[in-house]
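Trainee:
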Amino acid sequence: MGDTLLEVRDLHVSFYLTEGIVRAVSGVNLTLQAGRTLGVVGESGCGKSVTARAILNMVQRPGRIDQGEILWYGDPDYPVDIAQLDSRGPDIRNLRWGEIAMIFQEPMTSLSPVHSIGNQMIEAIRLHHNATDAEATQQSVELLNRVGLSQPERLLGAYRHELSGGMRQRVMIAMALTCSPRLLIADEPTTALDVTTQSQILDLMRDLQDEFGMAILFITHDLGVIAEMADDVAVMYLGKEVEIADVDTIFHQAAHPYTQALLRSIPRHDVVTERLESIVGNVPDPYNIPSGCAFHPRCHHYLPEECADPELVEVRPGQWALCARTPEFLPASGERTNA
Amino acid sequence: MTAADDRLLGVRDLRKYFPIWKRGVFARHVTGQVRAVDGVSFDIARGEVLGLVGESGCGKTTTGRVILRADTPTGGEIHFTHSELGEIDLAQLDREQLRPVWQNIQLIFQDPYSSLNPRMTLEQIVSEPLRNYNVLEGSALRDRVAELLLLVGLRPEVMSRYPHAFSGGQRQRIGIARALALNPQLLICDEPVSALDVSIQAQILNLLKDLQQEFELTYLFISHDLSVVRHLCDRVAVMYVGKIVEICDTDDLFNDTRHPYTEALLSSAPTPDPRVRRRHVQLQGEVPDPANPPSGCYFHPRCIHARERCQTETPLLRETRPGHWSACHFAEELELNVAASASDGTT
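Listed in order, the protein sequences are those of chains A and Z. Heads up: the first sequence at position 193 corresponds to 193 in our numbering, and the numbers run straight through without jumps. In short: position in the second sequence from 1, add 1000, done, that's our numbering.
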């Protein structure tokens, strides 16, 4: 276990729209250790991307961080609360990209269409370092080389539309590395890519993590990708974490009914299933989150008298679940919940 | 490939080239061709589910569209056994002749948001094919719509509402109800669950499986997701740059593939189990441009098993053992064992 790098405490983010208030994140707690990968998994609308944006204090209006602390242990003795920083001020701008870098799902929209790759990389390097153009160019070439792009000198003059999806994501990763960040936030970085390209990018991210020792916050809806990448996992549903544990526990001894149901509902390429156990109903409307346990309308274990106000409880050492009934139906140690 | 008497669809050497235009001084002229579908052949038996998998740009969607004749093929034959007209070659038909065919071949789309007209009610959407072919009218039409909605798990009372009131999964159910309205013989499903959330995917996959078994439907199931294909399909065809590289029974494909591309595809797919972090067969480079494919075997620049012969000689799809077709020169001798590397548990 490394040192704590980032701690999110009781984070609440809401979007104030004319149609109503969307409580996108309501009470999320995360702890990220230096050099480790935390996977955040959930379906669309569960608040995983908003959490990531909040960590960089760049929730877009009409969204707002209502309450909570985002403690950045850049200096272990003097944590900075990112939520309190001016979102356009110099402090947060140094943190963004300098210490915490982010890559997005669609690299097409993260790269400028009218600037060459070289222009964008050199600008980023020079913004954060005292480097001459020549030094920045040199560093860009090295980084592009490092992320597995051939002919990096030629690439510097290329524009985003000339690159394939996999190449764009590699460029984004190279840009994220320009300042040797201590935390890389990856928001669905491989969702838009084909499987063979996805596996290349995942391998690259693992290698770079070993080399640079950065922590990764990996956000995805894909349980297969989580299983491959994460050390620890937070499962989110409608703005709350429903379960937190290390990756092996999540996949083999899941405690929360939602995690269990999710694992049983996915088809697998390595196991033949006659019929999938689907989760009943739909993901509720975000304006209208069910009261009490938000999962209760879809839960097999729901009891009206018990499920009114679940709290996050530690069901086993290091495993937390937001469910009032978990202790009653906890699978025995070692039993596979997804078999 | 399958016995001719229960064959519903037989595709032979199907080709679809898209011209690349360049504007000249006086007129546009063709400078090249994108070979989106390049000599594809397969059969689908009645009541069978054939999966068509491949990465984006491999031509799987174009194949589906050409079979439906939404696009005109550049060449090849599409033999379809029509319930009334008998066996016909769809590639030869014009628009007027295709009308009765479209009654028998329907399409389920990937995106449930753009495939439903937002200004039509559910009743109008689902009844449109029936009205189009004058199959039913009046209260019988309404009853049929109600029946179809029940079939796909929606309450008939919702038929006067508009699509915006429904979630992605419910919309996909509406799209399936519309596709089933005319009792088609063949359903072409183009990535029907790719746009859906994880917990909703299972519902739609179960629905498609139930409907298939209940009505003995025939699906051409287009997908990039190997786990979905394994769950639903009887046989699978793997496409790479416009060609089928392997076609066989689903279990056979996953347990004993005879093509290096399939091996790479299978090993790239992430497994939802952290105890099986396995060695990937890492593919170098990217999918080639179908306008300018490599010589010989299209896969040779990325293939870890490639030999000299692969650079010059294009392999043909051949039956390497009964029911298992592979387009690799060395299909019989290569050691492609995905299952073994999956269980050794190393990172």
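Even for Gly, the Cβ is constructed at its ideal location relative to N, Cα and C. All of these numbers come straight from a predicted model, not from anything done at the bench.
Let me check one thing: in DSSP terms, what residues is Tyr-237 of chain A bridge-paired to?
Mentor: For Tyr-237 of chain A, which the question treats as bridged, DSSP gives the partners A:Lys-240.
Trainee: With DSSP run on the structure shown, which of helix, strand or coil describes Leu-322 of chain A?
Mentor: It is a strand residue.
Trainee: Any Cβ of chain Z within less than 9 Å of the Cβ of Gln-198 of chain A?
Mentor: So, interface residue.
Trainee: Please give me, in chain order, every unbroken run of the alpha helix (DSSP H) with length at least 4 that falls completely inside the region 107-181 of chain A.
Mentor: You should have 107-110, 117-128, 133-146, 152-155 and 165-176.
Trainee: Quick one: grab the DSSP three-state call for Leu-428 of chain A.
Mentor: Summary: the structure shown does not reach residue 428 of chain A, with chain A confined to residues 1 through 339, and so no result is reported for it.
Trainee: Got a sec: is the Cβ-Cβ distance from Phe-1215 of chain Z to anything in chain A below 9 Å?
Mentor: Chain A contact via Cβ: absent.
Trainee: Could you work out which residue in Z:Ser-1041, Z:His-1300, Z:Thr-1271 and Z:Arg-1318 is closest to Thr-1312 of chain Z when comparing CA atoms only?
Mentor: With distances taken between Cα atoms, Thr-1312 of chain Z lies closest to Z:His-1300.
Trainee: Taking 7 Å as the limit between beta carbons, can you name the residues of its chain near Gln-1212 of chain Z, skipping five residues before and five after?
Mentor: Closer than 7 Å at Cβ, skipping near neighbours: Val-1049 and Tyr-1219.
Trainee: Taking DSSP as the reference, what is the three-state secondary structure of Leu-1316 of chain Z?
Mentor: Three-state DSSP puts Leu-1316 of chain Z in coil, outside helix and strand.
Trainee: List the residues of chain A that Val-1228 of chain Z touches, going by C-beta distances under 9 Å, in chain order.
Mentor: Neighbours of Val-1228 of chain Z on chain A, chain order: Pro-267 and His-269.
Trainee: Tell me whether the beta-carbon of Val-40 of chain A lies closer than 9 Å to the beta-carbon of Leu-30 of chain A.
Mentor: Yes, Cβ-Cβ distance for Val-40 of chain A and Leu-30 of chain A is below 9 Å.
Trainee: Counting pairs of beta carbons, one from the region 1318-1326 of chain Z and one from the region 1242-1259 of chain Z, are three or more of them closer than 8 Å?
Mentor: Output reads yes: the region 1242-1259 of chain Z touches the region 1318-1326 of chain Z.
Trainee: Since Arg-1029 of chain Z sits in a beta bridge, which residues does DSSP pair it with?
Mentor: In the sequence under discussion, the amino acid at residue 1029 of chain Z is His, which differs from the Arg named in the question. Partner(s): Z:Lys-1022.
Trainee: Within the same chain, show all residues whose beta-carbon is closer than 6 Å to that of Trp-320 of chain A, passing over the 5 residues directly before and after it, in chain order.
Mentor: So the qualifying residues of the chain are Ile-244, Leu-312 and Glu-314.
Trainee: Are the C-beta of Arg-1235 of chain Z and some C-beta of chain A separated by less than 9 Å?
Mentor: Not closer than 9 Å to any Cβ of chain A, the Cβ of Arg-1235 of chain Z fails to qualify, so no.
Trainee: In terms of residues, what are the limits of the beta strand (DSSP E) holding Ala-24 of chain A?
Mentor: Ala-24 of chain A -> beta strand (DSSP E) spans 20-33.
Trainee: Here's a check: name, in chain order, each residue in its chain whose Cβ is nearer than 8 Å to the Cβ of Val-1238 of chain Z, leaving out the five neighbours to either side.
Mentor: Only Val-1053, Gly-1054, Ile-1244, Val-1245, Glu-1246, Ile-1247, Leu-1253, His-1259, Tyr-1261, Thr-1262 and Leu-1265 meet the Cβ criterion.
Trainee: Excluding the five sequence neighbours on either side, which residues of its own chain have a C-beta within less than 6 Å of the C-beta of Gly-239 of chain A, listed in chain order?
Mentor: Excluding positions up to five away in sequence, the list reads Arg-23, Ala-24, Val-25, Ser-26 and Gly-47.
Trainee: With Glu-345 of chain A as the anchor, note down where its beta strand (DSSP E) starts and where it stops.
Mentor: Not covered by the structure: residue 345 of chain A. The range shown for chain A is 1 to 339.
Trainee: Look up His-1259 of chain Z in the DSSP assignment and say whether it is helix, strand or coil.
Mentor: Reduced to three states, the DSSP call for His-1259 of chain Z is coil.
Trainee: Skipping 5 residues on each side, what residues in its chain have a beta carbon closer than 8 Å to that of Phe-1018 of chain Z?
Mentor: Excluding residues within five positions, the ones whose Cβ falls inside 8 Å are Gln-1033, Val-1034 and Ala-1036.
Trainee: Does chain A have any CB closer than 9 Å to the CB of Asn-1206 of chain Z?
Mentor: Yes - at least one Cβ of chain A is within 9 Å of the one on Asn-1206 of chain Z.
Trainee: Phe-1254 of chain Z versus chain B: which residues are under 7 Å apart at the beta carbon?
Mentor: Here chain B cannot be found, since the structure's protein chains are A and Z.
Trainee: Determine which residues of the region 155-166 of chain A have a Cβ less than 8 Å from any Cβ of chain Z, and write them out in chain order.
Mentor: Within the region 155-166 of chain A, the qualifying residues are Ser-164 and Gly-166.
Trainee: Smallest Cα separation from Pro-1163 of chain Z: which of Z:Asp-1210, Z:Asp-1111 and Z:Val-1135?
Mentor: Among Z:Asp-1210, Z:Asp-1111 and Z:Val-1135, the Cα nearest to that of Pro-1163 of chain Z is on Z:Asp-1111.
Trainee: Any beta carbon from chain Z within less than 9 Å of Thr-337 of chain A's own beta carbon?
Mentor: Low confidence applies to Thr-337 of chain A: its pLDDT is 47, below 50, so where it sits in the model is not reliable, and the reading given next is rough at best. Closer than 9 Å: no.
Trainee: Going by CA-CA distance only, name the one from A:Asp-270, A:Gln-139 and A:Ser-278 that's closest to Gln-1203 of chain Z.
Mentor: The option with the nearest alpha carbon to Gln-1203 of chain Z is A:Ser-278.
Trainee: Please name the residue, chosen from A:Asn-288, A:Tyr-258 and A:Ile-250, that lies closest to His-300 of chain A on a Cα-to-Cα basis.
Mentor: Taking only the C-alpha atoms, the option nearest His-300 of chain A is A:Tyr-258.
Trainee: Quick check on DSSP: helix, strand or coil for Arg-1069 of chain Z?
Mentor: It is coil, neither helix nor strand.
Trainee: Grouping DSSP H, G and I as helix and E and B as strand, with all else coil, what is Thr-220 of chain A?
Mentor: Thr-220 of chain A falls in the strand class under three-state DSSP.
Trainee: For a test of the three-state rule: what should DSSP assign to His-212 of chain A, helix, strand or coil?
Mentor: Correcting the residue type first, residue 212 of chain A is Phe in the shown sequence and not His. Phe-212 of chain A: helix per DSSP, three-state reduction.
Trainee: If we count Cβ pairs, one from each stretch, closer than 8 Å, do we get three or more for the region 134-149 of chain A versus the region 90-109 of chain A?
Mentor: Cβ pair count under 8 Å is below three, so no.
Trainee: Relative to the C-alpha of Gly-157 of chain A, which residue among A:Thr-137, A:Leu-184 and A:Ala-294 is closest?
Mentor: Closest by alpha carbon: A:Thr-137.
Trainee: What residue range does the alpha helix (DSSP H) around Arg-1235 of chain Z cover?
Mentor: Unbroken run through Arg-1235 of chain Z is the beta strand (DSSP E), 1235-1240; no alpha helix (DSSP H).
Trainee: Can you find the residues in the same chain that come closer than 7 Å, C-beta to C-beta, to Tyr-1298 of chain Z, ignoring five residues on each side of it along the sequence?
Mentor: Once the five neighbours on either side are set aside, the close Cβ partners of Tyr-1298 of chain Z are Tyr-1240, Val-1241, Lys-1243 and Pro-1288.
Trainee: Could you check what DSSP says for His-1164 of chain Z in three-state terms: helix, strand or coil?
Mentor: Three-state result, His-1164 of chain Z: helix.
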